[in-house]
Amino acid sequence: MACKLTKKIVDDLCPKANSDAFIWCAELRGFGVRCKPSGTKTFIVQYRNARGSTRRYALGSSKRLTVDQARRLAKISLGNVEQGADPSAERKEHRCLMTITDLCQHYIDEARAGRVLYRGKPKALGTVLIDEGRFRRHIKPLIGQLAIAEVTRKDVNMMMHAVRIGKTAVDEKTGPHGRARVRGGQGTAVKSVKLLSTIYTFAIKTGLVDDNPCRDIEKPADGRRTRFLSPEEYQRLGHALMQAPSFGLMQSAVDAIIVLALTGCRKTEVLSLQKSMIDVRGQCLRLKHTKTGPQMRPCGQPVMEFLTQLVVHRVDEDAWVFEAGRGEGQLVNIRKPLDRLCGIASLKDVTPHTLRHSFATVAHELNYSELTIAGLLGHSAGSVTARYAHHVDHALASAATHVASVILERLGVSRHNNDHRQSCRDDQDREGNTAAVLMTGSTNSINGSHSIMPQQQSSKLTLDPIFQNRPRTGSAHH
Numbered sequence: 299m300a301c302k303l304t305k306k307i308v309d310d311l312c313p314k315a316n317s318d319a320f321i322w323c324a325e326l327r328g329f330g331v332r333c334k335p336s337g338t339k340t341f342i343v344q345y346r347n348a349r350g351s352t353r354r355y356a357l358g359s360s361k362r363l364t365v366d367q368a369r370r371l372a373k374i375s376l377g378n379v380e381q382g383a384d385p386s387a388e389r390k391e392h393r394c395l396m397t398i399t400d401l402c403q404h405y406i407d408e409a410r411a412g413r414v415l416y417r418g419k420p421k422a423l424g425t426v427l428i429d430e431g432r433f434r435r436h437i438k439p440l441i442g443q444l445a446i447a448e449v450t451r452k453d454v455n456m457m458m459h460a461v462r463i464g465k466t467a468v469d470e471k472t473g474p475h476g477r478a479r480v481r482g483g484q485g486t487a488v489k490s491v492k493l494l495s496t497i498y499t500f501a502i503k504t505g506l507v508d509d510n511p512c513r514d515i516e517k518p519a520d521g522r523r524t525r526f527l528s529p530e531e532y533q534r535l536g537h538a539l540m541q542a543p544s545f546g547l548m549q550s551a552v553d554a555i556i557v558l559a560l561t562g563c564r565k566t567e568v569l570s571l572q573k574s575m576i577d578v579r580g581q582c583l584r585l586k587h588t589k590t591g592p593q594m595r596p597c598g599q600p601v602m603e604f605l606t607q608l609v610v611h612r613v614d615e616d617a618w619v620f621e622a623g624r625g626e627g628q629l630v631n632i633r634k635p636l637d638r639l640c641g642i643a644s645l646k647d648v649t650p651h652t653l654r655h656s657f658a659t660v661a662h663e664l665n666y667s668e669l670t671i672a673g674l675l676g677h678s679a680g681s682v683t684a685r686y687a688h689h690v691d692h693a694l695a696s697a698a699t700h701v702a703s704v705i706l707e708r709l710g711v712s713r714h715n716n717d718h719r720q721s722c723r724d725d726q727d728r729e730g731n732t733a734a735v736l737m738t739g740s741t742n743s744i745n746g747s748h749s750i751m752p753q754q755q756s757s758k759l760t761l762d763p764i765f766q767n768r769p770r771t772g773s774a775h776h
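In our numbering, the protein residues as written are 299 to 776.
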């Protein structure tokens, strides 16, 4: 079929069940679009090389190129063919030279430039950095030297097995005060294969390869984290927190661990908190960057009061809530302080995500619905209504306070407030009215003014017992 290619023509092209579908441009001979049975659409040129053989050359995905952009590229390619070039053969030759290391680095560079999308948005820089570390530590040492066109499923399986048994594990110094401990293991092995598969999918869309060797690889369970703290373990952690100053733990790290435990936020969400994100009036954290975009995350009243105390003397609205121990900037890691606290408390296998999972478990024990728990954790609702929710409703805010208060009790640092508990139960009964509890706030609402104001009503559920012996210095951070 030949016609003038337009966006509508390309969008309306439907895949065939067992073969590729094509539409050719009536205005530019040899230029067209191909639709795979999977639905993937690619702009192509078809030509005869110097030997008279028919060749096809992929210009790029219809998701990355407009029709006009593809037409311009087609004119260039077909013009080169007239001069004796063979773009298809040249690409095959380039594929033979391009290694896994080259491909992965190209993917990282494109992701850093915002040209790799995740859920319709550029991949977050934090995720790109994790991808880069996984590629550098696990993929590159094992198969980085292989040509991308020659990698087989056997190679991928061998890589996965090597990572799983710890062949890429290292423990090395990375600077005067840094150390890299890479363990490998089953979960890391599965994630490495998933990353490589993502990179190959990207390469297919950009015309660098035709097949994904990671497809149909049988992967073991990636060890999804189900660890959570029992009431007795919470009590031991609370005792360790009260001892933290005597062990010389950095106070900003201890503060961040407390906020993690009482909010269920992700580690990166807490460590990237700035003063301007604390909305006391709305009883929420106005997070600029999360896995599902900007959000307003409900926050329990005791935590709001504690965060207010941390930043009350800071003038700059963009000041980090949890500052780095050395130099300027934000705190970037709490793994070592958390490990030391868990050592004091005799707790094993506790990570920052364990605190998040424990928060969700407590909410479930209090009989909150899955929708409410999703709202507390910031999971995507997939609801059109949620896009228009620009505030945290009372029932959800009260649920956050209820869960935080119960965790405080388990830590052994709060007093009972029966009136507040009854209020939480009343709100729990009304939670059927909180359908739009998962927030994706607008940019304007996040950048708006939300100055820190003292709470007019004091709470009887307090963090003071943990921090009554915390060191006092002249720093505004303390």
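Ideal placement from N, C-alpha and C gives every residue a C-beta, glycine not left out.
Three-state secondary structure assigned by DSSP to residue i
{"i": "I642", "result": "helix"}
{"i": "G546", "result": "coil"}
{"i": "L303", "result": "coil"}
{"i": "T741", "result": "Confidence is the limiting factor: at T741 the pLDDT is only 33, short of 50, which leaves the residue's position unreliable, though a coordinate-based value still follows. Helix, per DSSP."}
{"i": "S375", "result": "helix"}
{"i": "Y666", "result": "coil"}
{"i": "T524", "result": "coil"}
{"i": "D309", "result": "helix"}
{"i": "N715", "result": "Interpretation of N715 is limited by its pLDDT of 43, a score under 50 that renders its predicted location unreliable; the figure taken from the coordinates is listed afterwards. It is coil, neither helix nor strand."}
{"i": "S792", "result": "Any answer about residue 792 is impossible in this case: the structure gives the chain only from 299 up to 776."}
{"i": "C402", "result": "helix"}
{"i": "C582", "result": "strand"}
{"i": "T649", "result": "coil"}
{"i": "I555", "result": "helix"}
{"i": "Q381", "result": "coil"}
{"i": "Q572", "result": "strand"}
{"i": "D614", "result": "coil"}
{"i": "K314", "result": "coil"}
{"i": "N397", "result": "Correcting the residue type first, residue 397 is Thr in the shown sequence and not Asn. Strand at T397."}
{"i": "A460", "result": "helix"}
Among the options, nearest to residue i - alpha-carbon criterion
{"i": "D400", "options": "V568, F604 and Q443", "result": "Q443"}
{"i": "G328", "options": "P439, K373, H651 and K361", "result": "K373"}
{"i": "R534", "options": "D453, L674 and R638", "result": "R638"}
{"i": "N316", "options": "G562, P335, S490 and L326", "result": "P335"}
{"i": "L524", "options": "T659, A356 and I342", "result": "Per the sequence shown, residue 524 should be read as Thr rather than Leu. Per the Cα distances, T659."}
{"i": "P596", "options": "R612, C563, S386 and A622", "result": "C563"}
{"i": "T588", "options": "K419, I705, R349 and L395", "result": "K419"}
{"i": "T340", "options": "A324, V365 and T496", "result": "V365"}
{"i": "C582", "options": "P592, M602, T590 and L569", "result": "M602"}
{"i": "G337", "options": "G358, V480 and L311", "result": "L311"}
{"i": "T486", "options": "I437, C402 and P529", "result": "I437"}
{"i": "G598", "options": "A387, E615 and I556", "result": "I556"}
{"i": "S495", "options": "V454, M540, D318 and H655", "result": "V454"}
{"i": "R332", "options": "V308, E325 and R349", "result": "V308"}
{"i": "I642", "options": "R410, M540 and R513", "result": "M540"}
{"i": "R417", "options": "Y345, F657 and T590", "result": "T590"}
{"i": "S570", "options": "E380, L423, E408 and A356", "result": "L423"}
{"i": "D469", "options": "F433, H459 and R481", "result": "R481"}
{"i": "R624", "options": "S550, G580 and H662", "result": "S550"}
{"i": "G627", "options": "K361, K634 and A617", "result": "A617"}
{"i": "L357", "options": "V414, R389 and K586", "result": "R389"}
{"i": "D553", "options": "G505, Q593 and T606", "result": "T606"}
DSSP beta-bridge partners of residue i
{"i": "Y416", "result": "K419"}
{"i": "E470", "result": "A478"}
{"i": "E621", "result": "Q628"}
{"i": "G562", "result": "BP columns for G562 are empty, so no partner."}
{"i": "F320", "result": "R332"}
{"i": "I342", "result": "G330 and A356"}
{"i": "Q593", "result": "L585"}
{"i": "D407", "result": "For D407, which the question treats as bridged, DSSP gives no partner whatsoever."}
{"i": "D577", "result": "C582"}
Cβ separation of residue i and residue j, assumed to be a contact under 8 angstroms, to the nearest whole Å
{"i": "A559", "j": "L653", "result": "5 angstroms"}
{"i": "R353", "j": "N347", "result": "6 angstroms"}
{"i": "D429", "j": "L371", "result": "Wrong, their Cβ atoms sit about 28 angstroms apart, outside the cutoff."}
{"i": "V426", "j": "I398", "result": "Not really, about 18 angstroms apart at Cβ, beyond 8 angstroms."}
{"i": "G710", "j": "L694", "result": "Rounded, the Cβ-Cβ distance is 27 angstroms, inconsistent with contact."}
{"i": "V609", "j": "I576", "result": "7 angstroms"}
{"i": "Y345", "j": "L376", "result": "6 angstroms"}
Counted within 10 angstroms of its Cβ, other Cβ atoms place residue i as buried (16 or more) or exposed
{"i": "E567", "result": "buried"}
{"i": "L303", "result": "buried"}
{"i": "P529", "result": "exposed"}
{"i": "E621", "result": "buried"}
{"i": "F657", "result": "buried"}
{"i": "S544", "result": "exposed"}
{"i": "E778", "result": "The structure shown does not extend to residue 778, since the chain spans only 299 to 776, so no value can be given for it."}
{"i": "R432", "result": "buried"}
{"i": "A538", "result": "buried"}
Heavy atom of the ligand ADP within 7 angstroms of residue i beta-carbon
{"i": "R432", "result": "Looking for the ligand ADP in the displayed structure turns up nothing, as the structure carries no ligands at all."}
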